[in-house]
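Numbering (UniProt numbering), first residue to last: 254 to 687. Glycine included, each C-beta is placed from N, C-alpha and C at the ideal position. All of these numbers come straight from a predicted model, not from anything done at the bench.
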Ligand code: ATP
Ligand code: CA
Ligand code: CA
């Protein structure tokens, strides 16, 4: 599900939606960015900014290919969040809307959310349910304060919350967030861990058909995996994880997971799946065939050319002019090509975390990890699920546990998996001795 993207072209059912999402982001985010920065007020957390797009356009909103309405929620809060996460304002818009390229992740899971990657693979757009949307707005202040106090947070980094509505269409809410996985490295194995074992197994037989499938808790345990962070980083990691989980518990959130992507340095980038993932989504004049998505990524443009294009784009954004589709460079400015600039110590080894053995020597793996899917409130639905599942399985093992227990189980599991192989062996020996 993570790595196989679907081409979103004019024949794609979600083409118009994707176009409208990007157009809305481009216009509303540049509108906010163009203003002089100022401190946040309480009212900023409640704000919604509405724009109506049509083919004609007006003095406030440039013309668009389709009629639609767009809402930008708490634009000032997200501007500040992007700054806290050290995103360059112009780069952000460039990544998402410099050229309208998106790829859609395979068929949506049981939650029904859709996922789209920005063309440079840095950002993910996730459509969310109305309930999750309302909930994010409700907790935004707590989240903001947490991120301010915890620059190394492992929680999903939210960069924007928006809504599109097409005439006669339903409202689509979505967030923009960090892609935990790097644009420049293959992820050889992916785990989505919750600390639960019930139903947390990916059938290993299926791996042959789908080698990049997301594995789960039982697969991790069966493979006797270790997240080797070395003594110091391990401590910092568990400390941060605990602080993050305390917030989630306080906000009565559950069902989140630790997503871990593992790049094996011994394997390197033999098959660069990223190239298969990124597909051209092209609403403008030039046809997708002119622009091979692989070459867009692989080409190394001259520095001068890049600098000029980046400057031009910044000027346009400053001037609040729409970036003409098809006129922007198909090449990426250096800032974009040069990997991640995201903040946070757990993303500092080339966007990830280099494995470290107990004796402090470097391991052969790079981990890309974070806590994802953290907008599920322990509400009515989960209570019902808990009741039904609780009848048939061991209560502490099911995933729909109340938030306090969920968090404790989560932390316990993560302390377990960060044990070094040596530590695990010592513990085993002690147990046998006792
Ligand atoms: P469900 O509620 O059924 O678990 P969901 O639609 O809420 O599904 P998530 O759990 O948020 O989806 O994510 C599903 C998968 O998408 C993850 O297991 C992971 O493979 C990928 N994914 C989600 N968020 C990210 C991210 N920030 N970076 C990289 N991959 C991600
Ligand atoms: Ca999930
Ligand atoms: Ca979910």
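DSSP state of residue 455, grouped into three classes? coil
Residue 509 and residue 626 closer than 8 Å at C-beta: Yes; because the gap between Cβ atoms is below 8 Å, this pair is in contact.
Would you mind sorting residue 453 into buried or exposed? The rule is 16 or more other CB atoms within 10 Å of its CB. buried
According to DSSP, residues forming a beta bridge with residue 427: 380, 415
Just mark residue 325 as buried or exposed, buried being the case when its beta carbon has 16 or more other beta carbons within 10 Å. buried
Limits of the beta strand (DSSP E) - the one that residue 443 falls within: Secondary structure note for residue 443: its beta strand (DSSP E) is the uninterrupted segment 442–446.
If I follow the unbroken beta strand (DSSP E) through residue 608, where does it start and stop? 606–609
Quick check on this structure: which residue in 413, 420, 436 has the alpha carbon closest to the alpha carbon of residue 427? 413
Those residues, in chain order, that have a beta-carbon closer than 5 Å to some heavy atom of ligand 3: 364, 626
Inter-residue spacing [alpha-carbon to alpha-carbon] between residue 317 and residue 327: Cα atoms of residue 317 and residue 327: separation of roughly 23 Å, rounded to the nearest angstrom.
Among all the DSSP beta bridges, which residues are the ones paired with residue 619? 516, 607
Whole angstroms are fine: how far does the CA of residue 499 sit from the CA of residue 470? 22 Å
Do residue 656 and residue 505 have their C-beta atoms within less than 8 Å of each other? yes
Alpha-carbon to alpha-carbon, residue 459 and residue 528: Since pLDDT at residue 528 reaches only 45, below the 50 mark, its modelled position is unreliable, and no value is offered.
I'd like the list of long-range same chain contacts for residue 659, defined as Cβ closer than 6 Å, with 5 residues on each side in sequence excluded. 507
beta-carbon residue 425 near ligand 1 non-hydrogen atom, thresh 7 Å: no
Which first and last residues belong to the alpha helix (DSSP H) in which residue 365 is found? Note, residue 365: premise wrong, no alpha helix (DSSP H); not H, not E.
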